[in-house]
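Everything on this sheet refers to the single structure shown next.
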Amino acid sequence: MSFIAWVAVLGAVLLTLALTSSYLRWMPVTTSAVCLVLGLVIGPAGLGWLRLDIRDAANWMEHLTEVAVLFSLFVCGLKLRLPLKDPNWRVAFGLAGPVMLLSIAGVCVLLHHGFGLAWGPSLLIGAILAPTDPVLATLVQVNDARDDDTVRFALSGEAGLNDGIAFPFVIFGMLLVQQVPDTSAAWLDEWVLKRLFWAVPAGLSIGYCMGRGIGRLTLSMRIRNADSTFSPNDYLTFALIALAYVAAESVHGYGFLSVFAAGLGLRHAEVKSTGHWQPPAEHLVQPVVGHQNLEPDAAVHGDVEHLDDTQVAAGIMIGDMLSFGSLVERAMEVFLVTLLGVVLVGHWDWRALGLALVLFCVIRPLSVGLLPWGRLLDGRQRLLIGWFGIRGIGSFYYLFYALNHNLPSGVLGLCTDLTLSVVALSILLHGISTQPMLARHEQYRRQLTSLPRR
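Positions 2 to 455 (the working numbering) are the ones given, in order, by the sequence shown.
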């Protein structure tokens, strides 16, 4: 199809969502589920308006999904304001580390013994499906930087971390598929040292230092030059994402982790400048739409006279970056999930039903339940976290990354069909259950906070 046709379809989908948003708010479905159905309707199985060959589009789809994940990871990191020593971070680290490894192992064993696949493809598919998604899981993540709910914070931190931590295991699966390990196993030593022990901490440290350093430098320059209002914060968003990603990749670190850590470092720069005891800076000021064209004194409304220059500068900067990043994230989500609906029928694999049900209902909940959380999580929280292992755009990226690295055609077809089918099932199952379960969770939280203290 022509570029004009692609733009027309995307515009029609966005218009449909805009016109029906007031109705969708009261329905127990997510925007992603609606986009998936719209894709099925306009795809070859429906009206036939849009067609897409996955293998022909693998190159640009890899980069498109990469951009979507990068923006989502940055926004995710920017929302997490709690200090790293907070107990909620321990839950996030446990989910992004041991729980993800158990999920990879569980899917790998299931595919090998239950579906008869070789170990290489089994591990590769397990790694592709391992990370929870920062794009499609927006509803179950923190609402904003004030949200310190353990379930939401842990799921947000997990999604931010495991999209990068899963990368070495995707590489490991590809190595197993592409070659038979020799007796020296030199490739295994290189993978452990380079892909695991170096790339993960390098990505995190580079991104965090860049985010915190650039954040503090930007705030100090804007305060010194009295330029809090007119500075283009969308440029800063693009710049920090791009530089953090390139800096990490240039030294063989993981760019996904670097961008997430950059958002986190920028948030901690705001905390350092305005004080942790204060509310998030973006909640202290309320930028007016189009404030770039207003006079400085008219750029913000509300009572800001009691705020110092640092709080005003940080509030406008963080607020604009969150707004811009979230806009790009939502647009990418709509486009990519609609494309999933378009190609789903041609790549549907019935074996995905069994894989998805075991992954969502057995492997993920058991992986969460087996860890000794102690007082960090109660039973209700473990059940919620165990269910909300949403798969999505992150798995798409790893799939297209594998498609572009010369894997055998049989393995490519298997990976494509199972990944797309499992992600579609996740969008539907989690999409239907998210809002009712979160509503009950919020009601339970309100009841707990309303109980009188002894």
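Built from N, CA and C at the ideal position, the CB exists for glycine as well.
For this session: Go through its chain and collect everything with a Cβ distance to residue 425's Cβ below 7 angstroms, but skip five positions before and after it.
Result: Here residue 425 has 37, 341 and 345 as same chain residues with Cβ atoms under 7 angstroms from its own Cβ, once five neighbours each way along the sequence are excluded.
For this session: Can you tell me which of the three DSSP states residue 378 falls into?
Result: Residue 378 falls in the coil class under three-state DSSP.
Problem set entry | Own chain residues within Cβ distance below 7 angstroms of residue 164, not counting five before or after | The answer, listed in chain order, is 70, 74, 132, 135, 257 and 395.
Exercise. How many whole angstroms separate the CB atoms of residue 267 and residue 213, which I take to be in contact at a CB cut-off of 8 angstroms?
Worked result: Right, their Cβ atoms sit about 7 angstroms apart.
For this session: Name the residue from 238, 248, 115 and 387 whose alpha carbon lies nearest to the alpha carbon of residue 363.
Result: In terms of Cα proximity to residue 363, the closest of 238, 248, 115 and 387 is 387.
Exercise. Curious, which full-length alpha helix (DSSP H) runs of at least 4 residues does the region 153 to 214 contain?
Worked result: 168 to 179 and 187 to 191, all fully within the region 153 to 214.
Problem set entry | residue 233 versus 243, 245 and 219, residue with shortest Cα-Cα distance | Each of 243, 245 and 219 was checked against the Cα of residue 233, and the nearest Cα belongs to 219.
Problem set entry | Exposure of residue 57, with buried meaning 16 or more beta-carbon neighbours within 10 Å | Around the beta-carbon of residue 57, fewer than 16 other beta-carbon atoms lie within 10 Å, marking it exposed.
For this session: Measure the alpha-carbon distance for residue 8 versus residue 14 and round it to whole angstroms.
Result: Rounded to whole angstroms, the gap between the alpha carbons of residue 8 and residue 14 is 10 angstroms.
For this session: Please name the residue in 444, 382 and 417 whose C-alpha comes closest to that of residue 154.
Result: Ranked by how close their Cα comes to the Cα of residue 154, the residues 444, 382 and 417 have 382 in first place.
Problem set entry | Start and end residues, alpha helix (DSSP H) containing residue 68 | Its alpha helix (DSSP H) spans residues 59 to 80.
Exercise. Among 430, 208, 237 and 412, which has the Cα closest to the Cα of residue 129?
Worked result: Nearest of 430, 208, 237 and 412 to residue 129, Cα basis: 412.
For this session: Specify, as a first and last residue, the run of the alpha helix (DSSP H) that residue 1 falls within.
Result: There is no way to answer for residue 1, as the model of the chain reaches only from 2 to 455.
Problem set entry | Local Cβ density within 10 Å of residue 399, reported as buried at 16 or more and exposed below that | Of the residues assessed, residue 399 falls on the buried side of the cut-off, its CB having 16 or more other CB atoms within 10 angstroms.
Exercise. Near residue 59, what residues of its chain come up, given a Cβ to Cβ distance below 8 angstroms and the 5 sequence neighbours on each side ignored?
Worked result: Answer for residue 59: 401, 404 and 405, listed in chain order.
Problem set entry | Beta-carbon gap between residue 146 and residue 284 smaller than 9 angstroms | With contacts defined by Cβ atoms closer than 9 angstroms, residue 146 and residue 284 form a contacting pair.
Problem set entry | Segment limits, alpha helix (DSSP H) that includes residue 108 | Residues 101 to 110.
Exercise. Counting pairs of Cβ atoms below 8 angstroms between the region 197 to 211 and the region 233 to 250, do you hit three or more?
Worked result: Judged by Cβ distances under 8 angstroms, the region 197 to 211 makes contact with the region 233 to 250, as three or more pairs qualify.
Exercise. DSSP state of residue 280, grouped into three classes?
Worked result: Shown here, residue 280 sits in coil according to DSSP, grouped into three states, outside any helix or strand.
Exercise. Can you name, in chain order, every residue of its own chain whose Cβ lies under 6 angstroms from the Cβ of residue 138, other than the five neighbours on each side?
Worked result: If we look at residue 138 and ignore the five residues flanking it on each side, its Cβ neighbours are 160 and 391.
For this session: For residue 1, count neighbouring C-beta atoms within 10 Å of its own C-beta (all shown protein chains included) and say buried if the count is 16 or more, exposed if not.
Result: Since the first residue shown for the chain is 2 and the last is 455, residue 1 is missing from the structure and cannot be characterised.
Problem set entry | Between the CA atoms of residue 140 and residue 291 - distance to the nearest angstrom | The predicted model places residue 291 with a pLDDT of 40, which falls under 50 and marks its position as unreliable; any figure quoted below should be read in that light. The straight-line gap separating the alpha-carbon atoms of residue 291 and residue 140 is approximately 27 angstroms.
Exercise. So, are the CB atoms of residue 207 and residue 274 less than 9 angstroms apart?
Worked result: No.
Exercise. Pick from 264, 50 and 254: whose alpha carbon is nearest that of residue 240?
Worked result: Considering only 264, 50 and 254, the residue with the shortest C-alpha distance to residue 240 is 264.
For this session: Starting from the C-beta of residue 51, find all residues in its chain whose C-beta is less than 7 angstroms away, skip the five residues before and the five after it, and write them out in chain order.
Result: Non-local C-beta neighbours of residue 51 in its own chain, meaning closer than 7 angstroms and more than five positions away in sequence, comprise 2, 10, 43, 44 and 343, ordered along the chain.
For this session: Report all residues from its chain with a CB closer than 7 angstroms to the CB of residue 272; omit the five preceding and five following residues, and keep chain order.
Result: Within the same chain, residue 272 has close Cβ partners 82.
Exercise. Would you report the Cα separation of residue 359 and residue 270, rounded to the nearest angstrom?
Worked result: Their backbone Cα atoms lie some 42 angstroms apart in a straight line.
For this session: Tell me whether the beta-carbon of residue 79 lies closer than 9 angstroms to the beta-carbon of residue 326.
Result: Residue 79 is a Cβ neighbour of residue 326, given a cutoff of 9 angstroms.
Exercise. In chain order, what residues of the same chain have a beta carbon less than 6 angstroms from the beta carbon of residue 322, not counting five sequence neighbours either side?
Worked result: Around residue 322: 234 and 238.
Exercise. Is residue 333 buried or exposed, if buried means 16 or more other CB atoms sit within 10 Å of its CB?
Worked result: Counting Cβ neighbours within 10 Å, residue 333 comes out buried, since at least 16 surround it.
Problem set entry | Inter-residue Cα distance where the pair is residue 194 and residue 158 | Cα to Cα, the separation comes out at about 25 angstroms.
For this session: Below 7 angstroms CB to CB, which residues in the same chain sit around residue 172 once its five sequence neighbours on both sides are set aside?
Result: Spatial neighbours of residue 172 in its own chain (CB-CB distance under 7 angstroms, excluding positions within 5 residues in sequence) are listed in chain order as 192 and 196.
Exercise. Out of curiosity, what's the CA-to-CA distance linking residue 252 and residue 200?
Worked result: In this structure, the CA atom of residue 252 is about 8 angstroms from the CA atom of residue 200.
Exercise. In this structure, does DSSP put residue 390 in helix, strand or coil?
Worked result: Of the three classes helix, strand and coil, the one that applies to residue 390 here is coil, per DSSP.
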